[in-house]
Amino acid sequence: MNRITVALLAAFDAALSALIGLAIPLVPLALLWAVQYDTTIDFGVFWRVAADSWLLGHGADLRAGLAPDSALALGLPGGTERFAVTIAPLAFSLLTLLLGARTGRRAQESPFRAIGVGIAIGTYLLVSLLVTLGAADASASIDPVQGILLPPLVFALGVLIGAALHSARSGEPDRLGDLAGETLHRLPEPVPGLLVVSLRGGALAAAGVVGSAALLVAVLLILDYSSVVALYESLGAEALGGLVVTLGQLAFLPNLVIWAASWLIGPGFALGTGSSVSAAGTLLGPIPSIPVLAALPQGSSAFGFLGLLVPLLAGFVAGWRLRSSVMDALDGRSLLRWGAAAAGGIGVVGGLLLGLLAWFSGGAAGPGRLVQIGPDPWAVGAVAALELALAAGLGLAAGRSGRG
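First residue of the sequence shown? That's 600 in our numbering, and the numbers climb one at a time after it.
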């Protein structure tokens, strides 16, 4: 395989990845335009909604304004003035990361890795540029710099993750991995081993919390299925309209999972200024009639604080699983002193990851009360770090002493 072939395949793979993400909102909107509206509305409106959704899903900010009748119908009195929408439907970013990881793995398998990676990211940048320019409109506009740069940055992160995972699994030499290894070896013992344990343990604990949150969201949706259906019926949307509403909610499903994780950690999240959804109770003002929100816990529950056991259990399991790695790194040194450092490292890494996820999942969803949606990342990160560190310390103390 020569350089030109590698470059063409990388460009095709990146362009296809971008088009898949764009097609998810565009195809149902095109069906809605053709079937329900009988092509009487300018298709450019539907294209801009799809393009803006894709760009918004990668973190680009949107500024928009509503017509007076639309603002009144939605109950947004301040909607006639231009407002910012900064909350990202994270399903788009997640899809881009996964597709980028696939591209990175394929590029790593080729004899010209740098060419494959560079061409793929450059192609994604070109697609983002074209979409951003093609979606520009006076009524709703994406920040052009963010629209052009953020999607390829998310894709590039996925490419790097895919390339690194492929190198780690195949045992092939990797410059980035070699550089990280050389940097670690320059540090005094037992710091390198404890850093690796902190990274592994923090990632494991954070994954445990997020996985439990996903299970919680699924259970709540099943238990409140009738309320969700009732909200669908109240919208009066036809079949295609209901499909578009469902896809829109699926685009925010990763956000909902992260919000559930913040609920399990303790701080909870907001659905508007002055509102709170946490283990201590639910305090809501007027919220949009979005069907999935029917699954929100109502009022206060005596069992709400049981959710706090999830991050504690995740931290404990991480410490318990990695005790043998800590003992190997210490090589006879004091477990009390260095074990506390390892537990603190696990807490810091896990708290940082969960705080970043909380930051990515929130933002402004409109004017007025809707400027504050999602969890407080600082509170989530700090509380998670404390919970995970304490639990990891207990796990290290109770863990297996042998290798494993």
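Backbone N, C-alpha and C define an ideal beta-carbon position, used for all residues, glycine too.
Small disclaimer: the values here were computed from a predicted structure and weren't measured.
- request: Consider the Cβ of residue 625: report whether some Cβ of chain D lies at a distance smaller than 8 Å.
  value: No chain D appears in this structure, which consists of one protein chain only.
- request: Report all residues from its chain with a CB closer than 8 Å to the CB of residue 619; omit the five preceding and five following residues, and keep chain order.
  value: Position 20 of the sequence shown holds residue 619. The residues are 694, 698.
query: Of the residues 659, 961, 990, which one's Cα is nearest the Cα of residue 742?
result: In the sequence shown, counting from the first residue as 1, residue 742 sits at position 143. It is 659.
message: Can you give me the C-alpha to C-alpha distance between residue 1003 and residue 924, rounded to a whole angstrom?
response: The count along the sequence shown starts at 1 and reaches residue 1003 at position 404. The count along the sequence shown starts at 1 and reaches residue 924 at position 325. Because the pLDDT of residue 1003 is 38, which lies under 50, any placement of that residue in the model is unreliable, and the question is left without a value.
- prompt: Based on the DSSP output, what are the partners of residue 882 in its beta bridges?
  reply: Indexing the sequence shown from 1 puts residue 882 at position 283. Answer by DSSP bridge pairing, in chain order: 875.
task: Assign residue 897 to one of two classes, buried (16 or more other C-beta atoms within 10 Å of its C-beta) or exposed (fewer than that).
output: Residue mapping note: residue 897 aligns to position 298 of the sequence shown, counting from 1. Looking at its Cβ environment, which holds fewer than 16 other Cβ atoms inside 10 Å, residue 897 is exposed.
- prompt: What did DSSP end up calling residue 741 once you bin it into helix, strand or coil?
  reply: Translated into the one-based positions of the sequence shown, residue 741 becomes position 142. In the structure shown, residue 741 sits in a strand (DSSP, three-state: E or B).
task: Grab the span of the beta strand (DSSP E) containing residue 970 for me, first residue to last.
output: Start at 1 with the first residue of the sequence shown, and residue 970 comes out as number 371. Taken as a continuous stretch (DSSP letters only), residue 970 belongs to no beta strand (DSSP E), as it is neither H nor E.
task: From the DSSP output, in three-state form, read off residue 869 for me.
output: Position 270 of the sequence shown, counting from 1, holds the residue named residue 869. Residue 869 falls in the strand class under three-state DSSP.
Sufficient close CB pairs (3 or more, under 8 Å) joining the segment 794-809 to the segment 826-845: no
- request: May I ask you to report which of helix, strand or coil DSSP gives residue 682?
  value: If you number the sequence shown from 1, residue 682 lands on position 83. Looking at residue 682 - three-state DSSP - the assignment turns out to be strand.
query: Contact check, residue 808 vs residue 860 under 8 Å by CB: the rounded distance?
result: On the sequence shown, residue 808 is found 209 positions in, with the first residue counted as 1. On the sequence shown, residue 860 is found 261 positions in, with the first residue counted as 1. Right, the Cβ-Cβ distance comes to about 5 Å (below 8 Å), so this counts as a contact.
field: Between the CA atoms of residue 948 and residue 903 - distance to the nearest angstrom
entry: Locating residue 903 in the sequence shown gives position 304, counting from the first residue. Locating residue 948 in the sequence shown gives position 349, counting from the first residue. Taking the straight line from one Cα to the other gives about 26 Å.
- prompt: Hey, how far is the Cα of residue 762 from the Cα of residue 690?
  reply: Counted from its first residue, the sequence shown places residue 762 at position 163. Counted from its first residue, the sequence shown places residue 690 at position 91. Their backbone Cα atoms lie some 22 Å apart in a straight line.
task: Consult DSSP for residue 654 and reduce its assignment to one of helix, strand or coil.
output: Mapped onto the sequence shown, residue 654 falls at position 55. Here residue 654 sits in helix by DSSP.
field: First through last residue of the beta strand (DSSP E) which encompasses residue 663
entry: Here residue 663 corresponds to residue number 64 of the sequence shown, with the count starting at 1. Start and end: 661-663.
Own chain residues within Cβ distance below 7 Å of residue 841, not counting five before or after: The residue given as residue 841 occupies position 242 in the sequence shown. Cβ within range, chain order: 831.
message: Could you check whether residue 688 and residue 655 sit closer than 8 Å to each other, using their CB atoms as the reference points?
response: Looking up residue 655 in the sequence shown gives position 56. Looking up residue 688 in the sequence shown gives position 89. The answer is yes: Cβ separation under 8 Å.
task: Starting from the C-beta of residue 1001, find all residues in its chain whose C-beta is less than 8 Å away, skip the five residues before and the five after it, and write them out in chain order.
output: Numbered from its first residue, the sequence shown carries residue 1001 at position 402. Caution applies to residue 1001, whose pLDDT of 44 falls short of 50 and renders its modelled position unreliable; the value that the coordinates give is listed next. 923, listed in sequence order.
message: Taking the straight line between their C-alpha atoms, what separation do you get for residue 984 and residue 991?
response: The count along the sequence shown starts at 1 and reaches residue 984 at position 385. The count along the sequence shown starts at 1 and reaches residue 991 at position 392. So the alpha carbons of these two residues sit roughly 10 Å apart.
- prompt: With a Cβ-Cβ cutoff of 8 Å, do residue 942 and residue 981 count as a contact?
  reply: Counting from 1 along the sequence shown, the entry for residue 942 is found at position 343. Counting from 1 along the sequence shown, the entry for residue 981 is found at position 382. In this structure, residue 981 does not lie closer than 8 Å to residue 942 by Cβ.
message: At the level of alpha carbons, what is the spacing between residue 614 and residue 661?
response: Sequence index remark: in the sequence shown, residue 614 carries index 15 (1-based). Sequence index remark: in the sequence shown, residue 661 carries index 62 (1-based). Cα to Cα, the separation comes out at about 24 Å.
- request: Could you check if residue 732 is buried or exposed, using at least 16 other CB atoms within 10 Å of its CB as the buried criterion?
  value: In the sequence shown, counting from the first residue as 1, residue 732 sits at position 133. With fewer than 16 other Cβ atoms within 10 Å, it is exposed.
- prompt: Nearest to residue 962 by CA position, among 854, 823, 895, is which residue?
  reply: Start at 1 with the first residue of the sequence shown, and residue 962 comes out as number 363. Ranking 854, 823, 895 by Cα distance to residue 962 puts 854 first.
- request: Can you say whether residue 818 is buried or exposed, counting buried as having 16 or more other CB atoms within 10 angstroms of its CB?
  value: Position 219 of the sequence shown, counting from 1, holds the residue named residue 818. By the 10 Å Cβ count, residue 818 comes out exposed.
Under 8 Å between C-beta atoms of residue 996 and residue 974: In the sequence shown, counting from the first residue as 1, residue 996 sits at position 397. In the sequence shown, counting from the first residue as 1, residue 974 sits at position 375. Result no, Cβ atoms of residue 996 and residue 974 do not sit closer than 8 Å.
field: Nearest-angstrom beta carbon gap, residue 916 and residue 994 [assumed within contact, 8 Å]
entry: Here the question's residue 994 lines up with position 395 in the sequence shown. Here the question's residue 916 lines up with position 317 in the sequence shown. Indeed, because the Cβ distance is near 6 Å, the residues count as touching under 8 Å.
message: For residue 907 and residue 878, which I take to be in contact (beta-carbon distance under 8 Å), what is that distance rounded to the nearest angstrom?
response: Reading the sequence shown from its first residue, position 308 is the one you call residue 907. Reading the sequence shown from its first residue, position 279 is the one you call residue 878. Yes, residue 907 and residue 878 are in contact; Cβ-Cβ is about 6 Å, under 8 Å.
- request: Output the boundary residues of the alpha helix (DSSP H) element that contains residue 788.
  value: For this step, residue 788 is matched to residue 189 along the sequence shown. From DSSP, residue 788 is part of no alpha helix (DSSP H); its letter is neither H nor E.
query: Residue range of the alpha helix (DSSP H) that residue 849 falls in?
result: Position 250 of the sequence shown holds residue 849. Note, residue 849: alpha helix (DSSP H), 838-850.
message: Just list the residues that DSSP pairs residue 962 with in beta bridges.
response: Residue 962 sits at position 363 when you count from the first residue of the sequence shown. According to DSSP, residue 962 bridges with 972.
task: Kindly list the residues whose CB is nearer than 7 Å to the CB of residue 718, restricted to its own chain and excluding five residues on each side of it in sequence; keep chain order.
output: Walking along the sequence shown from the start, residue 718 turns up at place 119. So the qualifying residues of the chain are 606, 609, 610.
- prompt: Out of curiosity, what's the CA-to-CA distance linking residue 622 and residue 833?
  reply: As a first step, residue 622 must be located in the sequence shown, where it is residue number 23. As a first step, residue 833 must be located in the sequence shown, where it is residue number 234. Cα to Cα, residue 622 sits roughly 28 Å from residue 833.
Proximity to residue 955 [Cα-Cα], best of 739, 978, 815: As a first step, residue 955 must be located in the sequence shown, where it is residue number 356. Here the closest residue by C-alpha is 978.
query: Secondary structure at residue 857, three-state DSSP: helix, strand or coil?
result: Taking the sequence shown and counting its residues from 1, one reaches residue 857 at position 258. Of the three classes helix, strand and coil, the one that applies to residue 857 here is helix, per DSSP.
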